[in-house]
Amino acid sequence: MQVTDFLKKHYKHFNAASLIDAAEGYKTHLNNGGKMLVTLAGAMSTAELGIILAEMIRQDKIQAISCTGANLEEDIFNLVAHDFYERVPHYRELSAADEEALLSRHLNRVTDTCIPEEEAMRRLEHVVLKYWEKADKAGESYFPHEFFYQILLSGELEQYYQIDPKHSWMLEAAKKNLPIICPGWEDSTLGNIYAGHVISGDIKNVHTMKTGIQYMMELAEWYTQTAKEESTIGFFQIGGGIAGDFPICVVPMLHQDLQRDGVPLWGYFAQISDSTTSYGSYSGAVPNEKITWGKLGKDTPKYMIESDATIVAPLIFAIVLDM
Numbered sequence: 004m005q006v007t008d009f010l011k012k013h014y015k016h017f018n019a020a021s022l023i024d025a026a027e028g029y030k031t032h033l034n035n036g037g038k039m040l041v042t043l044a045g046a047m048s049t050a051e052l053g054i055i056l057a058e059m060i061r062q063d064k065i066q067a068i069s070c071t072g073a074n075l076e077e078d079i080f081n082l083v084a085h086d087f088y089e090r091v092p093h094y095r096e097l098s099a100a101d102e103e104a105l106l107s108r109h110l111n112r113v114t115d116t117c118i119p120e121e122e123a124m125r126r127l128e129h130v131v132l133k134y135w136e137k138a139d140k141a142g143e144s145y146f147p148h149e150f151f152y153q154i155l156l157s158g159e160l161e162q163y164y165q166i167d168p169k170h171s172w173m174l175e176a177a178k179k180n181l182p183i184i185c186p187g188w189e190d191s192t193l194g195n196i197y198a199g200h201v202i203s204g205d206i207k208n209v210h211t212m213k214t215g216i217q218y219m220m221e222l223a224e225w226y227t228q229t230a231k232e233e234s235t236i237g238f239f240q241i242g243g244g245i246a247g248d249f250p251i252c253v254v255p256m257l258h259q260d261l262q263r264d265g266v267p268l269w270g271y272f273a274q275i276s277d278s279t280t281s282y283g284s285y286s287g288a289v290p291n292e293k294i295t296w297g298k299l300g301k302d303t304p305k306y307m308i309e310s311d312a313t314i315v316a317p318l319i320f321a322i323v324l325d326m
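Quick note, the sequence shown lines up with residues 4 to 326 if you use our numbering.
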């Protein structure tokens, strides 16, 4: 039995039914000529969502991605250092002393998975620093994801690949030059490393790395041009936080701050979140709240699935891919 057939037979009610509805809405949106922006919060790359996300990119089911700096870099960490990762299935039972022992071994824990500092972070730092310094000396500036695209397409990291490269969503995105928005990149391991190299003087101009404001400007241009092609743009949000909060605001900015007419609202909205509806929790706000902010309309297809994104997202993508 195919995954889609199984889900449609057994997922009938509650969050299970919302999963089916969101997936079918996603397919309908694309079939009607729409485009889709997917947002990645949390640690989706370390959860190896890239296995199916890369396939979604290959099959043109995703036209843009907004993600945290962590998800940007952790897909590449996994690509070059997967064999050195350590899984800690009983992470809930770890004591402070156990955590300190992991620190002494330079293993940085993300829930049940430990990322090895030397093989992942430092290995990538040695390569990316050359690209940062080259751009800095040339007086050029790029976005964080553009530096990664340059490195991945150069083939310089191929000698370190430890997973099937078809399972790296960043590599697939680089091949397609997929638009990526990475707000708050500074809040990432390589963001901290970049700051360190600016402070130490290795990089003379802090603006060698383009900023979040420039990302919003880039997103505004992409949204405007894509909407001109008579394509409604959907918003598929995995988790909460800045990866979703930042890009969804581009529509009210275009309307209210730039006074542009004829810019459509987001044409589809779905969110997978384990943050339940609560007072003041934006990640747990119901989709209709976004109507008051000029992000969604009363007729926009809206779906909220309150569950674990590492379980739900691959299932929705499987339906979209007709698996």
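Just so it is clear, CB atoms sit at the ideal spot from N, CA and C, and this is done for glycine as well.
Burial state of residue i (16 or more Cβ within 10 Å)
{"i": "residue 195", "result": "exposed"}
{"i": "residue 106", "result": "exposed"}
{"i": "residue 311", "result": "exposed"}
{"i": "residue 261", "result": "exposed"}
{"i": "residue 140", "result": "exposed"}
{"i": "residue 169", "result": "exposed"}
{"i": "residue 93", "result": "exposed"}
{"i": "residue 232", "result": "exposed"}
{"i": "residue 63", "result": "exposed"}
{"i": "residue 78", "result": "buried"}
{"i": "residue 44", "result": "buried"}
{"i": "residue 126", "result": "buried"}
{"i": "residue 31", "result": "exposed"}
{"i": "residue 293", "result": "buried"}
Distance, residue j Cα to residue i Cα
{"i": "residue 214", "j": "residue 5", "result": "44 Å"}
{"i": "residue 254", "j": "residue 187", "result": "19 Å"}
{"i": "residue 171", "j": "residue 274", "result": "23 Å"}
{"i": "residue 80", "j": "residue 264", "result": "43 Å"}
{"i": "residue 40", "j": "residue 82", "result": "23 Å"}
{"i": "residue 109", "j": "residue 124", "result": "10 Å"}
{"i": "residue 256", "j": "residue 174", "result": "31 Å"}
{"i": "residue 158", "j": "residue 148", "result": "16 Å"}
{"i": "residue 116", "j": "residue 142", "result": "39 Å"}
{"i": "residue 252", "j": "residue 313", "result": "25 Å"}
{"i": "residue 222", "j": "residue 184", "result": "7 Å"}
{"i": "residue 135", "j": "residue 122", "result": "20 Å"}
{"i": "residue 137", "j": "residue 153", "result": "12 Å"}
{"i": "residue 118", "j": "residue 89", "result": "7 Å"}
{"i": "residue 35", "j": "residue 302", "result": "16 Å"}
{"i": "residue 16", "j": "residue 295", "result": "29 Å"}
{"i": "residue 113", "j": "residue 49", "result": "8 Å"}
{"i": "residue 206", "j": "residue 120", "result": "22 Å"}
{"i": "residue 272", "j": "residue 104", "result": "43 Å"}
{"i": "residue 73", "j": "residue 266", "result": "31 Å"}
{"i": "residue 150", "j": "residue 129", "result": "13 Å"}
Proximity of residue i and residue j at Cβ, strictly below 8 Å
{"i": "residue 59", "j": "residue 324", "result": "yes"}
{"i": "residue 85", "j": "residue 165", "result": "yes"}
{"i": "residue 317", "j": "residue 305", "result": "no"}
{"i": "residue 7", "j": "residue 244", "result": "no"}
{"i": "residue 23", "j": "residue 14", "result": "yes"}
{"i": "residue 238", "j": "residue 269", "result": "yes"}
{"i": "residue 182", "j": "residue 288", "result": "no"}
{"i": "residue 131", "j": "residue 193", "result": "yes"}
{"i": "residue 26", "j": "residue 322", "result": "yes"}
{"i": "residue 38", "j": "residue 203", "result": "no"}
{"i": "residue 276", "j": "residue 242", "result": "yes"}
{"i": "residue 226", "j": "residue 146", "result": "no"}
{"i": "residue 297", "j": "residue 259", "result": "yes"}
{"i": "residue 160", "j": "residue 177", "result": "no"}
{"i": "residue 144", "j": "residue 212", "result": "yes"}
Where residue i sits in the DSSP three-state scheme
{"i": "residue 69", "result": "strand"}
{"i": "residue 58", "result": "helix"}
{"i": "residue 291", "result": "helix"}
{"i": "residue 309", "result": "strand"}
{"i": "residue 180", "result": "coil"}
{"i": "residue 124", "result": "helix"}
{"i": "residue 74", "result": "helix"}
{"i": "residue 81", "result": "helix"}
{"i": "residue 103", "result": "helix"}
{"i": "residue 42", "result": "strand"}
{"i": "residue 113", "result": "strand"}
{"i": "residue 108", "result": "coil"}
{"i": "residue 175", "result": "helix"}
{"i": "residue 206", "result": "coil"}
{"i": "residue 51", "result": "coil"}
{"i": "residue 119", "result": "strand"}
{"i": "residue 2", "result": "As displayed, the chain neither begins before 4 nor continues past 326, which places residue 2 out of reach and without an answer."}
{"i": "residue 135", "result": "helix"}
ask   = Hey, which unbroken runs of the alpha helix (DSSP H) at 4 residues or more fall wholly within the segment 139–170?
value = 147–157
key: Whole beta strand (DSSP E) elements within the segment 209–284, 3-residue minimum   = 236–241 and 271–276
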